[in-house]
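Residue numbers (our numbering): 6 to 238.
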């Protein structure tokens, strides 16, 4: 779905997101649907803000679908920072570590921090995603993001593990920003510093999204119904 977005194919991306939400995934992919729903909501928001799609079938569907998706997948309706981590090898355990401005570390042994940070599950058998959310909008400052190869696939010890970390700041607001970072690691590596993100003081009140003149009263289409209507092609 993200590849389709990057290729300028918003309708294909919608289909792929709907397939992902409607699918039945193994329990080891703890936060898969939450992460998918959040990325999908962001994609729908981008369509709704693109004036070149006005009046099209894609725009009409996105206008209806965005508030529905946001209502279902609320791991981070609004957040100071959101971090997604995925990696490229099965049967591997990669851990996400986020050190918050107050020095407390959020990771699999401390999944809920005093300031409001939360790690949604610990994926130990491959691919991810692991999801960190800081829902306390007032917890500003430096967030140090690191990854650690806890255990590798014993059949692929010669192959480096590639990790993708996606970071959103001020999630759910008009000033939301995004960056993607990659890291490469092997078993028994020390922690790999991916990036440090600084959340500046909130000097103004940015607009919350989605902005709509007509409030969503739902429920509307379920993930299965959305796929059936838009994705049946």
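Just so you know, even glycine gets a beta-carbon here, dropped at the ideal spot from N, CA and C.
Length of the line joining the Cα atoms of residue i and residue j
i	j	result
residue 29	residue 152	28 Å
residue 109	residue 165	30 Å
residue 105	residue 90	17 Å
residue 15	residue 85	27 Å
residue 210	residue 197	34 Å
residue 79	residue 43	8 Å
residue 202	residue 62	38 Å
residue 94	residue 168	9 Å
residue 143	residue 206	8 Å
residue 38	residue 204	27 Å
residue 175	residue 156	33 Å
residue 146	residue 102	16 Å
residue 141	residue 41	22 Å
residue 23	residue 179	24 Å
residue 1	residue 49	Residue numbering for the chain in the displayed model covers 6 to 238; residue 1 lies beyond these limits and cannot be assessed.
residue 92	residue 139	22 Å
residue 67	residue 51	9 Å
residue 214	residue 87	16 Å
residue 107	residue 170	22 Å
residue 31	residue 133	11 Å
residue 18	residue 6	4 Å
residue 200	residue 137	14 Å
residue 119	residue 82	19 Å
residue 124	residue 35	11 Å
residue 45	residue 154	28 Å
Buried or exposed by the 16-neighbour rule on C-beta atoms within 10 Å, applied to residue i
i	result
residue 25	buried
residue 195	exposed
residue 97	buried
residue 148	buried
residue 8	exposed
residue 100	buried
residue 212	exposed
residue 135	buried
residue 187	exposed
residue 177	buried
residue 122	buried
residue 183	exposed
residue 190	buried
residue 10	buried
residue 33	exposed
residue 185	exposed
Range of the contiguous beta strand (DSSP E) that encloses residue i
i	result
residue 185	182 to 190
residue 176	166 to 176
residue 89	84 to 92
residue 138	135 to 139
residue 123	122 to 124
DSSP beta-bridge partners of residue i
i	result
residue 156	98
residue 115	112
residue 103	111 and 150
residue 213	178
residue 131	95
Range covered by the alpha helix (DSSP H) that runs through residue i
i	result
residue 35	Element bounds for residue 35: n/a, residue is neither H nor E.
residue 22	15 to 27
residue 8	7 to 11
residue 202	It is not in any alpha helix (DSSP H) - residue 202 instead sits in the beta strand (DSSP E) that spans 197 to 204.
residue 5	Within the shown structure, residues of the chain are numbered from 6 to 238, placing residue 5 beyond reach of any answer.
Quiz item: Is it true that the stretch 126 to 135 meets the stretch 66 to 85, where meeting means three or more beta-carbon pairs spaced less than 8 Å apart?
Solution: Result no; under three Cβ-Cβ pairs closer than 8 Å.
Practice problem: Kindly confirm or deny that the stretch 110 to 118 and the stretch 44 to 55 touch, where touching means at least three C-beta pairs closer than 8 Å. | Solution: Short answer: they don't touch.
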